[in-house]
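So the structure is just underneath, and the comments pick up after that.
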Amino acid sequence: MQTYSSYFDRVIYDLHILSACANLSIRFCDFTAGVGFWVVMLVYLFIRFVDFKRALSKKIGNFADCTWRVDENLMKTATALALSSTRRDEKAALRRHIL
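Structural data, given as structure tokens:
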């Protein structure tokens, strides 16, 4: 598993993957799937903001130690959504871009 030097590195990494999925969905699939990804990204940012405020209130010094409850499920759902809504030849391109 990849380690992250800070809380913000992890958030930036996750947002990069989500935005790539959204842009590829808009380009290869349909507009609705891409908009769905942007909604997922906004929910993700809200969850991160709440976690960040909670961590600040507890005065945790190293944000990399915060629990990542929703990350794995959110990323799996976003990837599955992208792959389920694309055609076969576009799935290969999407997998190469994500992986």
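At position 45 of the sequence shown the residue is numbered 45 (this note's numbering), and the sequence of numbers has no breaks.
Every residue, glycine too, gets a C-beta built ideally from N, C-alpha and C.
*asked:* Whole angstroms are fine: how far does the CA of C21 sit from the CA of G36?
replied: 10 angstroms
_Supposed contact pair L18 and V40 - C-beta distance, whole angstroms, cut 8 angstroms_ = 6 angstroms
*How would you call V11, buried or exposed, if buried means at least 16 neighbouring beta carbons within 10 angstroms?*
By the neighbour-count rule (16 or more Cβ atoms within 10 Å), V11 is buried.
*Under 8 angstroms, do Y44 and D14 count as touching if we go by C-beta distance?*
yes
*asked:* Rounding to the nearest angstrom, what Cα-Cα distance links V50 and H16 in this structure?
replied: 20 angstroms
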